[in-house]
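Participant: Encoded as structure tokens, here's the structure I'll be asking about.
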């Protein structure tokens, strides 16, 4: 059974940091590109960052470049999103995604940036 389980979301003040984690099981993790998406209320789900299967290349949307870092540990079947200098506009539900022959999604974790 395929599972992606996100954790690490919460309420943080502007300028703060959070580290999201995603634990994967039920598929060959090291074959898959892993991504973090986010969806704010009333908006579409958008890609935030993605990392290649071996972890050699990461890509980010412009609004998070220099603030967010995506990483993965294939031995632990984990993918992470370190989020620094958080802004209110980063508030959203963050989803983990695995993409190769199929696309798998986690249930999401809420990130709220507010004073």
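Numbering (my numbering), first residue to last: 534 to 648. Built from N, CA and C at the ideal position, the CB exists for glycine as well.
According to DSSP, is residue 560 helix, strand or coil?
Facilitator: Residue state, collapsed to three classes: coil.
Participant: Taking 9 Å as the cut-off, decide whether the C-beta atoms of residue 548 and residue 619 are in contact.
Facilitator: Cβ distance < 9 Å, so residue 548 and residue 619 count as in contact.
Participant: On the premise that residue 645 lies in contact with residue 627, defined as a C-beta separation below 8 Å, what is that separation, rounded to the nearest angstrom?
Facilitator: 11 Å between Cβ atoms; not a contact.
Participant: Consult DSSP for residue 635 and reduce its assignment to one of helix, strand or coil.
Facilitator: Of the three classes helix, strand and coil, the one that applies to residue 635 here is coil, per DSSP.
Participant: Under the criterion of a Cβ to heavy atom distance below 8 Å, does residue 538 qualify as lining the ligand ZN?
Facilitator: Ligands are entirely absent from the displayed structure, and the ligand ZN is therefore not among its contents.
Participant: Nearest to residue 588 by CA position, among 563, 598 and 580, is which residue?
Facilitator: Closest by alpha carbon: 563.
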